[in-house]
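K.L.:
In my numbering, the protein residues as written are 427 to 695.
(1) Figure out for me which residue from 473, 561, 509 and 573 has the closest Cα to the Cα of residue 614.
(2) Can you check which of these residues, 672, 487, 533 and 548, is closest to residue 702 by C-alpha distance?
(3) Using 8 Å as the cut-off, can you tell me whether the region 562-571 makes contact with the region 596-604, which would need three or more C-beta pairs spanning the two stretches below that distance?
(4) Answer yes or no: do residue 652 and residue 665 have a C-beta to C-beta separation smaller than 8 Å?
(5) Is residue 615 helix, strand or coil by DSSP?
(6) Looking at residue 496 and residue 485, is the spacing between their C-beta atoms short of 8 Å?
(7) With C-beta atoms as the reference, is residue 628 less than 8 Å away from residue 604?
(8) With a threshold of 16 other CB atoms inside 10 Å of the CB of residue 644, please say whether the residue is buried or exposed.
(9) Among the residues of its own chain, which have a CB less than 7 Å from the CB of residue 456, if the five just before and after it don't count?
(10) With 16 other CB atoms within 10 Å as the buried threshold, where does residue 529 fall?
(11) Count the other CB atoms, across all protein chains shown, that sit within 10 Å of the CB of residue 516; report buried if there are 16 or more and exposed otherwise.
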């Protein structure tokens, strides 16, 4: 049994990556659970063919007696889907909500213990201690950070590293969800190396991903023979076999900026 958390700046594509990893592993025959910890509650959309499932926090606010069947739904390839949800807009703490929801889920379901792999889809650009819940509650074995070669996503990735170091939590690697910027793979490989980990996947920008999202499908289901489905599958296999997770070493602001100015073989630090 393995549990991972996938972090990343909002809009970087981590939910799409998480759902395609889940779909591939479910198709492979593993018992997979995905826990959406984003207040947007969209981690399971493509796994549920566009159907929004009730969130734990929404049902709790309605003072309903909740059973496992109310919040755990089976998606494509048997993937079990759970959405934590968020507070009412402008009210409450989303991070605290994750704590409440996960505690409640553990009382009504054994999904976290009965799965071969549990994937937590967690926002990484919100400054709230509650978003470290999967780590603090010892629910995960390692984390993965999704970024692109642009400065702001990489800045957010470095901040996530700061949080992981504070919590003494291992990082399994960096995933590049490419935006087509100049020297993108080189920048992400350098960043990963400098924080003490590796680039575990370079996911190129491809229209097929957006096309499948518009159809409410994962690439793994909707375009199983595509090059992108192969890339998601290779990433999933690397995560399954990864035994080299380490606590990262975040960079200073000046070190982070220097990554964009270096050239391979320049010898600059």
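Ideal placement from N, C-alpha and C gives every residue a C-beta, glycine not left out.
P.N.:
In brief:
(1) Closest by C-alpha distance to residue 614, out of 473, 561, 509 and 573, is 573.
(2) Residue 702 lies beyond the stretch modelled for the chain, which goes from 427 to 695, so this question has no answer here.
(3) Yes: the two stretches touch, three or more of their Cβ pairs being nearer than 8 Å.
(4) Here residue 652 is not near residue 665, since their CB atoms are 8 Å or more apart.
(5) Helix at residue 615.
(6) With respect to the 8 Å criterion, residue 485 and residue 496 are classified as neighbours on the basis of their beta carbons.
(7) It is a contact, given that the beta carbons lie within the stated cut-off.
(8) Counting every other CB atom within 10 Å of its CB across the protein chains shown gives residue 644 a total of 16 or more, marking it as buried.
(9) For residue 456, where only same-chain residues beyond five positions count, the Cβ hits under 7 Å are 542 and 543.
(10) With fewer than 16 Cβ atoms within 10 Å of its Cβ, residue 529 is classed as exposed.
(11) Any reading at residue 516 must be qualified, since the residue scores a pLDDT of 47, below 50, and its modelled position is unreliable; the value itself is stated next. Classified as exposed, residue 516 has fewer than 16 neighbouring CB atoms from the shown chains inside 10 Å of its CB.
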